[in-house]
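Visitor:
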Amino acid sequence: MKTVDTAFVNELLKQSVPSASNKATMALEYSLMGGGKRIRPLLLLNTAKAVGKRLSKNAQKLAVALECIHTYSLIHDDLPCMDNDDIRRGKRTCHMQYGEAFALLAGDALLNLAVETVFQGSFSKNYISACQFLFKMSGVYGMIHGQCLDLLASGRDLQEANQIALHKTGDLFRASIVCGAMCAGANSQEIAIFDEIATKFGICYQVIDDLLDAEKCEQSFLDIMSEKECRAYAEDLTNQVKALCDSLPYDLQFIKEIADRNFSRKF
Ligand code: IPE
Ligand code: IPE
Ligand code: MG
Ligand code: MG
Ligand code: MG
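The sequence shown begins at 3 in our numbering and counts up by one.
#1: Can you tell me which of Glu220, Cys206 and Asp248 puts its alpha carbon nearest to the alpha carbon of Ala234?
#2: Below 8 Å, how does it come out for the segment 179-198 and the segment 154-163: are there three or more Cβ pairs, yes or no?
#3: What does the alpha-carbon distance come out to for the pair Met35 and Asp253?
#4: Just to confirm, is the Cβ distance from Leu106 to Glu69 under 8 Å?
#5: Is the segment 192-212 in contact with the segment 114-129, if contact means three or more CB pairs nearer than 8 Å?
#6: Grouping DSSP H, G and I as helix and E and B as strand, with all else coil, what is Lys59?
#7: Give the DSSP-derived three-state secondary structure of Lys230 in the structure shown.
#8: Cβ of Leu15 versus every heavy atom of ligand 1: is any distance shorter than 7 Å?
#9: Any idea what DSSP makes of Lys93, helix, strand or coil?
#10: Just to check my reading of the structure: Ile89 and Ser33 have Cβ atoms closer than 8 Å, yes? What is that Cβ distance to the nearest angstrom?
#11: Report yes if the CB atom of Phe223 is closer than 8 Å to the CB atom of Ala200, and no otherwise.
#12: Which residue from Ile179, Asp212, Met28 and Lys138 puts its Cα closest to that of Ile166?
#13: Is Asp159 near ligand 4, going by C-beta to nearest heavy atom under 7 Å?
#14: Suppose you measure from the CA of Asp262 to the CA of Lys4; what does that come to, to the nearest Å?
#15: Cα separation between Arg40 and Val117?
#16: My output table needs one value for Cys219: the three-state DSSP class, helix, strand or coil.
#17: Would Leu76 pass as an interface residue toward chain D - the criterion being a Cβ-Cβ separation below 8 Å?
#18: Please find out if some non-hydrogen atom of ligand 3 comes closer than 7 Å to the beta-carbon of Met84.
#19: Please name the residue, chosen from Gln149, Leu81, Asp159 and Asn189, that lies closest to Gly172 on a Cα-to-Cα basis.
#20: Suppose the cutoff is 8 Å on Cβ atoms and the five residues either side in sequence are ignored; what does the same chain contact list for Gly204 look like?
#21: Just list the alpha helix (DSSP H) runs in the segment 117-147, keeping only unbroken ones of 4 residues or longer that don't cross its boundaries, in chain order.
#22: Would you tell me roughly how many angstroms separate the C-alpha atoms of Val120 and Glu259, rounded to the nearest one?
Pasting the structure below:
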């Protein structure tokens, strides 16, 4: 089965940019269309396709909403009151380009756009479950909880680092794979395995992110492990992800490929 690619995701996102002509919309478009790898929507759409054997409109709405939430989380994460970063994806961060106030509004607008977008889907029991899971994983039980833990981190031990990574990064990956599986009608045992795949991949993704950000003075897996240990840990998690993929009755080669590519990414 042909997999959904980045160009398809970019087209969906382009069609979703609001037409309102104001500076918040410009700032939002700058960040949303500014060259992300689109891993979360790719995981969501391809999981939905692998499980449901077709690409539903509902999966497309969830994928756009998820990338909007991810982008807002990055705009806010880069602000001076958080990580204070000037560069993202090789370009000026949203607040460097448009100022802090408009970056804040662009983030707010993206979260709102995510809600508007899921309301364009057709509500079935499975779709409602997927929408609930998406917003739970984005909020104070999910990504926002992770950002809180990150800001208050003590750099103490692996358990703490895992908890931070699980929530600040893992929960949006859980949303991607689990929402794809849910809206395509996977059963509850399968969803539990998809969730385990996403959780392990999410932690692994943050381990590699910390290696790429080694020079930054932020909470990191490098506070508690050497670079070599981090790589070994990421490889172990990736092997677990692949074994779990093989335990499901679907063609999940795309997840295995994304998990492998994680090691060679440059940003
Ligand atoms: C960056 O996510 C933030 C983390 C959770 C590590 P991505 O690496 O997916 O960022 P983009 O969207 O491709 O730039
Ligand atoms: C990002 O973690 C997590 C979220 C934005 C939710 P990081 O702060 O490590 O991500 P980068 O390094 O800025 O992309
Ligand atoms: Mg951060
Ligand atoms: Mg950051
Ligand atoms: Mg980082």
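Where is the CB? At the ideal position from N, CA and C, for every residue including glycine.
Guide: Here's the rundown:
#1: Cys206
#2: no
#3: 30 Å
#4: no
#5: no
#6: helix
#7: helix
#8: no
#9: strand
#10: That pair is no contact at about 13 Å.
#11: no
#12: Asp212
#13: no
#14: 19 Å
#15: 19 Å
#16: coil
#17: Although the question refers to chain D, the structure presented lacks it and comprises just one protein chain.
#18: yes
#19: Gln149
#20: Ala167, Leu168, Thr171, Gly172, Asp173, Leu174, Phe175 and Arg176
#21: 127-140
#22: 28 Å
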